[in-house]
């Protein structure tokens, strides 16, 4: 089956978060199920410079007021369609924000155009290639199925919308509808209208053939008023359409036995080498080498991610003999609070505002504990990377965190299935208690080694997730139903 994946970011070319990891890994995992996936992505400068061989497959003399072109390329096993529209994507900053961290004022247009082109491709824009199914991701591409509904050439093609985080909804003034080529009737409560604005994500929820989100628990949470973010009604109105599928991780990219970012590679049988990574990590953050566990947080520093809770608990970690390393960026008040605490505890707390892949890998390969105190977490990938690297997670019991981490209570430890520490509800006091539990376990070397070992043996590859997506695709396209034997042959 031919699939068009539509995304605003894709690893390893452009990444701001877990969305890129998913859109970069899932196409590769689905190949063995007979899915031939091409990914449509904006032509950001960084992406264009990284992709070497590109060929024009379509030219738009006037795409919403400016010329543009569609390039095809192949990069590290990914088949790409790149929308080169300099007026929309050729600018400094990130995919969504400028150099000062402010949203681009024309994001309403930048991602509407991407979705429009996705619908056009679905309708036969490219000679010789039309997708059998379209898979979109988050608000940035959710308009694709809205455009498809109003295209005689594309409306019959099934679509899947994956919601990676319901909090980001693509809300804009209603005036944009007349500027993005959609008919006036889309500005209604059963399509785009959302409390006096338009929501691109709501449009996708209303029009996609199937909707997935990134864990079964989060799928249940987002139809509740507590975590539905105002869209619980729209989601609840489509029973049977929403499915939760836990994300996997790229086991080649995140592999401590081969990781090029680690000074010393290792596996669960060779854990002593991990101490070399620990030393490099401490040096990288200018921390002392005294004994004691290294706690770390690799995350956006926001209220959702519990960055404020981390700032509140940071001092206690330093005072009880631990060290804390933070890598991330987000809300300025959280950043300043963490930096101030680090200033009061030199050698014990290191904070680096920003993100880079090499440091993230080193943290997972050298720290002892990863903290994820999210107030809500659709799936979470950091805890899966941590398990793979023998870095024990401390997580709030929500969304995908609750499904992927088994709490180290007495029963789970006796059954040898525990992999980390959960706390609930997500408060600073409960985070403190979870940190103390981790400290107590760390003081028992045998118990700690067992936790690490059990986590490293957990399997969160894309294999299981890809099979669930393949089953969903086949449900929407019965003529492409796969058999396990066929899949095994395809993988050889």
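Residue numbers (full-length UniProt numbering): 1 to 492.
Ideal placement from N, C-alpha and C gives every residue a C-beta, glycine not left out.
Remember, it's a predicted structure, so these values are computed and weren't measured experimentally.
Where does residue 490 fall in DSSP's three states? For this step, residue 490 is matched to residue 490 along the chain shown. No answer about residue 490 holds up, because its pLDDT of 44 lies below 50 and its placement is not dependable.
Is it the case that the stretch 75-84 contacts the stretch 146-153, given that we only count it when at least three CB pairs across the two stretches are under 8 Å? no
For residue 422, count neighbouring C-beta atoms within 10 Å of its own C-beta (all shown protein chains included) and say buried if the count is 16 or more, exposed if not. Counting from one through the chain shown, the residue named residue 422 turns up at place 422. Under this definition residue 422 is a buried residue.
In whole angstroms, what separates the C-alpha of residue 159 from that of residue 396? By one-based count along the chain shown, residue 159 stands at place 159. By one-based count along the chain shown, residue 396 stands at place 396. Distance between the alpha carbons of residue 159 and residue 396 is about 33 Å.
The stretch 453-467 / the stretch 240-249 touching (three or more Cβ pairs under 8 Å): Yes, since at least three Cβ pairs between the stretch 453-467 and the stretch 240-249 fall closer than 8 Å, the two stretches touch.
Beta carbon of residue 89 nearer than 8 Å to that of residue 131: What you label residue 89 is simply residue 89 of the chain shown in a count that begins at 1. What you label residue 131 is simply residue 131 of the chain shown in a count that begins at 1. Cβ distance not < 8 Å, so residue 89 and residue 131 don't count as in contact.
Go ahead and pull the three-state DSSP assignment for residue 382. In the chain shown, residue 382 corresponds to position 382, counting from 1. Helix.
Alpha carbon to alpha carbon, what distance is there between residue 16 and residue 163? As a working mapping, residue 163 is identified with position 163 in the chain shown. As a working mapping, residue 16 is identified with position 16 in the chain shown. Whole-angstrom Cα-Cα distance: 16 Å.
Whether or not the stretch 183-198 and the stretch 359-369 are in contact is what I'm after, with contact meaning three or more pairs of Cβ atoms, one per stretch, closer than 8 Å; do they touch? Taking 8 Å as the limit for Cβ pairs, the verdict is that the stretch 183-198 does not touch the stretch 359-369.
When we look at the beta-carbon of residue 27 and count the other beta-carbons within 10 Å, is it buried (16 or more) or exposed? For the purposes of this step, residue 27 is identified with residue 27 of the chain shown, where counting begins at 1. Answer is buried; the Cβ neighbour count reaches 16.
Return the chain-ordered list of same chain residues with a C-beta closer than 6 Å to the C-beta of residue 315, the five sequence neighbours on each side being excluded. Taking the chain shown and counting its residues from 1, one reaches residue 315 at position 315. The answer, listed in chain order, is 341.
Using DSSP's beta-bridge definition, name the partner residues of residue 75. Numbered from 1 along the chain shown, position 75 holds the residue referred to as residue 75. Paired residue(s): 78.
Beta-carbon within less than 6 Å of residue 552's beta-carbon, same chain only, minus the 5 sequence neighbours each way: which residues are those? No answer is possible for residue 552: the residues shown for the chain start at 1 and end at 492.
Residue 2 by DSSP, collapsed to three states: which one? Along the chain shown, read from residue 1 onward, the residue named residue 2 stands at position 2. DSSP places residue 2 in strand when its eight states are reduced to three.
When the Cα atoms are used, what is the spatial distance from residue 390 to residue 278? Taking the chain shown and counting its residues from 1, one reaches residue 390 at position 390. Taking the chain shown and counting its residues from 1, one reaches residue 278 at position 278. The alpha-carbon atoms of residue 390 and residue 278 are separated by roughly 12 Å.
Report the residue from 306, 58, 473 whose alpha carbon sits nearest the alpha carbon of residue 373. For the purposes of this step, residue 373 is taken as the residue at position 373 of the chain shown. The shortest Cα separation from residue 373 among 306, 58, 473 belongs to 306.
Within the stretch 84-152, ranges of the alpha helix (DSSP H) (whole runs, at least 4 residues): 86-89, 107-122, 138-142, 144-149
Looking at C-beta atoms only, is the number of pairs between the stretch 45-59 and the stretch 101-108 that lie closer than 8 Å three or more? no
Proximity winner among 12, 298, 153, relative to residue 46 (alpha-carbon distances): Walking along the chain shown from the start, residue 46 turns up at place 46. Nearest C-alpha to residue 46: 12.
Given that a residue counts as buried once 16 or more other Cβ atoms are within 10 Å of its Cβ, and exposed if not, what is residue 172? On the chain shown, residue 172 is found 172 positions in, with the first residue counted as 1. Residue 172 should be labelled buried.
Does the Cβ of residue 141 have 16 or more other Cβ atoms within 10 Å, making it buried, or fewer, making it exposed? In the chain shown, the residue the question calls residue 141 occupies position 141. The residue is buried, with at least 16 neighbouring Cβ atoms inside 10 Å.
Separation of residue 154 from residue 470, as counted between CA atoms: Looking up residue 470 in the chain shown gives position 470. Looking up residue 154 in the chain shown gives position 154. Taking the straight line from one Cα to the other gives about 21 Å.
Rounded straight-line distance, which links the Cα of residue 202 to that of residue 4: For the purposes of this step, residue 4 is identified with residue 4 of the chain shown, where counting begins at 1. For the purposes of this step, residue 202 is identified with residue 202 of the chain shown, where counting begins at 1. Rounded to whole angstroms, residue 4 to residue 202 spans 21 Å at the Cα level.
Bridge-paired residues (DSSP) for residue 393: Numbered from its first residue, the chain shown carries residue 393 at position 393. Answer by DSSP bridge pairing, in chain order: 370.
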